[in-house]
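In the order they appear, the protein sequences are chains A and B.
Throughout the first sequence, residue numbering follows the numbering used here, covering 1 to 207 in sequence.
Throughout the second sequence, residue numbering follows the numbering used here, covering 1 to 207 in sequence.
Protein chains: 2
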Amino acid sequence: MGRRSDHTPDALRELLIECGHALMAERGFAKFSAREAARRAGYSVGTIYNVFGGLDAYLIAVNSRTFREWSAWLEAALAATPDDGDARLAALVRAYFAFADANRNAWMAIYDHRIDRTTTIAKQDEAAREALTGIVDREVTRWLGQADAEATRRLVRSLIATVHGHCALWLSGSYALMREEDPAGQALARVMEALSAHAGSTPSPIQ
Amino acid sequence: MGRRSDHTPDALRELLIECGHALMAERGFAKFSAREAARRAGYSVGTIYNVFGGLDAYLIAVNSRTFREWSAWLEAALAATPDDGDARLAALVRAYFAFADANRNAWMAIYDHRIDRTTTIAKQDEAAREALTGIVDREVTRWLGQADAEATRRLVRSLIATVHGHCALWLSGSYALMREEDPAGQALARVMEALSAHAGSTPSPIQ
DNA sequence: CACACAAATGAACACTGTTCAATTAAAAAT
DNA sequence: ATTTTTAATTGAACAGTGTTCATTTGTGTG
Numbered sequence: 001m002g003r004r005s006d007h008t009p010d011a012l013r014e015l016l017i018e019c020g021h022a023l024m025a026e027r028g029f030a031k032f033s034a035r036e037a038a039r040r041a042g043y044s045v046g047t048i049y050n051v052f053g054g055l056d057a058y059l060i061a062v063n064s065r066t067f068r069e070w071s072a073w074l075e076a077a078l079a080a081t082p083d084d085g086d087a088r089l090a091a092l093v094r095a096y097f098a099f100a101d102a103n104r105n106a107w108m109a110i111y112d113h114r115i116d117r118t119t120t121i122a123k124q125d126e127a128a129r130e131a132l133t134g135i136v137d138r139e140v141t142r143w144l145g146q147a148d149a150e151a152t153r154r155l156v157r158s159l160i161a162t163v164h165g166h167c168a169l170w171l172s173g174s175y176a177l178m179r180e181e182d183p184a185g186q187a188l189a190r191v192m193e194a195l196s197a198h199a200g201s202t203p204s205p206i207q
Numbered sequence: 001m002g003r004r005s006d007h008t009p010d011a012l013r014e015l016l017i018e019c020g021h022a023l024m025a026e027r028g029f030a031k032f033s034a035r036e037a038a039r040r041a042g043y044s045v046g047t048i049y050n051v052f053g054g055l056d057a058y059l060i061a062v063n064s065r066t067f068r069e070w071s072a073w074l075e076a077a078l079a080a081t082p083d084d085g086d087a088r089l090a091a092l093v094r095a096y097f098a099f100a101d102a103n104r105n106a107w108m109a110i111y112d113h114r115i116d117r118t119t120t121i122a123k124q125d126e127a128a129r130e131a132l133t134g135i136v137d138r139e140v141t142r143w144l145g146q147a148d149a150e151a152t153r154r155l156v157r158s159l160i161a162t163v164h165g166h167c168a169l170w171l172s173g174s175y176a177l178m179r180e181e182d183p184a185g186q187a188l189a190r191v192m193e194a195l196s197a198h199a200g201s202t203p204s205p206i207q
């Protein structure tokens, strides 16, 4: 076949991402296959290389979709939470875990896909990834009550890493973490301890 | 060829793990190949399946070797550190990162290999993995000054997850963590905050 | 209606994991 | 010393993968 009018370029791109994302959610990163994804979209392998330029770019696009869904999930959880001190942060951490749990394969694929330092990520996809940091940034800043911006940025990254670590080890089943009944609760506890430590020191550095 | 006397069963097992580990360190999990590992050992693919029963078991054996090296690395760092309050924990966290940094591919492979829940891990390999938790357990208990054993166990797992999260995001280059100059320092800061919070509350629960 | 263009294809290549009948070296029995 | 037995090692076979690119084929234009 040659040029078909089934889909516009954008629609085709979207379709391939859609099918790839579904396949990723179903099989996981290790058993993902570009051939199979294309097959499900009603196209053949070559089309993926035509549209995305390579497998890496395609995987980035697929994972970016997960990022967008993740952000939306977090925002939805926060929208349903009153502006009650610690409650919003608790909702944020719980929603973080809930999304990963409900989308295990897709969530893990984000970290399974090692992107070569040379590969350039599309602007829109980079934005999708940074949106998540943005949400945490906003909520932490809100909790701290507008503290030093630079220190907050550093802390936010560290808190994300903290929660990520708990979530990753939980889903991978590594370590004896399995006997932990509430990893999200543990992550939240660590986050609140860190925030408390910073709330006391940042506005007026007593020590 | 049939039975050869080049290596005893144990020596062959060791040789294959050795070569596999070297290949993993060199190429990383995604580009690892059992065929190539066997080739380097001077055997053919089938031998790996004969000796280990399957690829999963082989990968577990290879990664367990990394675990053992990691534990030894941590113990060496601790052995060179005086019993000076926070210094040992700082050394532990720094050594954790240093090992991962010095053995990026091998370290990441530990978490890249998703073990099916049905696959049973050999007793000795399970021990190699738990040894690491044991080291952290020992040092944290030492720092806390013998607190509630069960609460400490939970905290230890959570602290490991915290440090793991920082290390994993650092090496994968995810998020904007890249602009963080000292992720190990951030991890250590979170660990000390968590420990401080527990030091105050565990011996005599004031609040 | 013929032409030009670009999208879509799928065979080709080199690789992977996995299985298992055939081979072959060493040990045991004659 | 020779045969037989035993078990370790092989590698071809199969189904799958990523990647490339000459070929085909719809589509819109001259």
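Cβ atoms here follow ideal geometry from the backbone N, Cα and C, with glycine treated the same way.
Since the model is a prediction, treat every value here as computed from it, not as a measurement.
Going by DSSP, residue 98 of chain B is part of the alpha helix (DSSP H) stretching over 86-102. Non-local C-beta neighbours of residue 93 of chain A in its own chain, meaning closer than 7 Å and more than five positions away in sequence, comprise 163, 184, 187, 188, 191, ordered along the chain. By the Cβ neighbour-count rule, residue 88 of chain B is buried, with 16 or more other Cβ atoms within 10 Å of its own. Using beta-carbon distances, residue 122 of chain A does not count as an interface residue toward chain B, since no partner is under 8 Å.
By the C-beta criterion, the stretch 4-21 of chain B is judged to be in contact with the stretch 32-42 of chain B, since at least 3 inter-stretch pairs fall below 8 Å.
Listed along chain B, the residues sitting closer than 8 Å to residue 164 of chain A by beta-carbon distance are 165, 168, 169. At a cut-off of 8 Å between beta carbons, residue 64 of chain A makes no contact with chain B. Assignment of residue 164 of chain B by DSSP, reduced to helix, strand and coil, places it in the helix class.
In the DSSP annotation of this structure, the continuous segment of the alpha helix (DSSP H) that includes residue 9 of chain B starts and ends at 9-27.
Straight-line measurement puts the Cα of residue 64 of chain A at about 12 Å from the Cα of residue 72 of chain A. In the assembly as shown, residue 172 of chain A is a buried residue. Its beta-carbon has 16 or more other beta-carbons within 10 Å. Fully contained in the stretch 43-92 of chain A are the following alpha helix (DSSP H) runs of length 4 or more, in chain order: 45-52, 55-79. In this structure, residue 144 of chain A and residue 95 of chain A do not form a Cβ contact; the two beta carbons are roughly 20 Å apart against a cut-off of 8 Å. Chain order gives no chain B residues near residue 138 of chain A, where near means a beta carbon separation below 7 Å; the closest approach is about 15 Å. Excluding five sequence positions before and after residue 111 of chain B, the CB atoms of its chain that fall closer than 8 Å to its own CB belong to 168, given in chain order. With contacts defined by Cβ atoms closer than 8 Å, residue 67 of chain A and residue 132 of chain A form a contacting pair.
Against chain A, the beta carbon of residue 172 of chain B has neighbours under 7 Å at 111, 114, listed in chain order. Taking all protein chains shown into account, residue 4 of chain B has fewer than 16 neighbouring C-beta atoms within 10 Å of its C-beta and is therefore exposed. For residue 140 of chain B, same chain residues with a beta-carbon under 8 Å away, outside a window of 5 residues either side, are 89, 152, 155, 156, 159, 195 in chain order.
Legend: CB atoms of the stretch 142-161 of chain B lying less than 7 Å from CB atoms of chain A belong to residues 154, 157, 158, 160, 161. Listed along chain B, no residue sits closer than 7 Å to residue 43 of chain A by beta-carbon distance, the nearest being about 25 Å off. In the displayed model, residue 150 of chain A falls within a helix according to three-state DSSP. Taking 8 Å as the CB threshold, residue 133 of chain B lines the interface with chain A.
Put simply, the CB of residue 27 of chain B is far from chain A, with every gap to its CB atoms at 8 Å or more. Distance from residue 148 of chain A to residue 60 of chain A at the Cβ level is roughly 33 Å; contact not present, criterion being Cβ atoms closer than 8 Å. Residue 105 of chain B sits buried, since 16 or more C-beta atoms from the chains shown fall within 10 Å of its C-beta.
Exposure of residue 181 of chain A is indicated by the presence of fewer than 16 other C-beta atoms within 10 angstroms of its C-beta. In the displayed model, residue 119 of chain B falls within coil according to three-state DSSP, outside both helix and strand. In the three-state reduction of the DSSP assignment, residue 33 of chain A falls in the coil class. For residue 177 of chain B, the nearest beta carbon of chain A is closer than 8 Å to its own beta carbon. Within the stretch 30-54 of chain B, those residues whose Cβ lies closer than 8 Å to any Cβ of chain A are, in chain order, 30. Here the alpha carbon of residue 23 of chain A sits roughly 8 Å from the alpha carbon of residue 33 of chain A. For residue 190 of chain B, the closest Cβ of chain A is nearer than 8 Å.
Apart from the 5 residues on each side of it in sequence, residue 119 of chain B sits with its Cβ closer than 8 Å to the Cβ of 56, 57, 60 in its chain, given in chain order. One Cα belongs to residue 54 of chain A, the other to residue 76 of chain B, and the distance between them is close to 44 Å.
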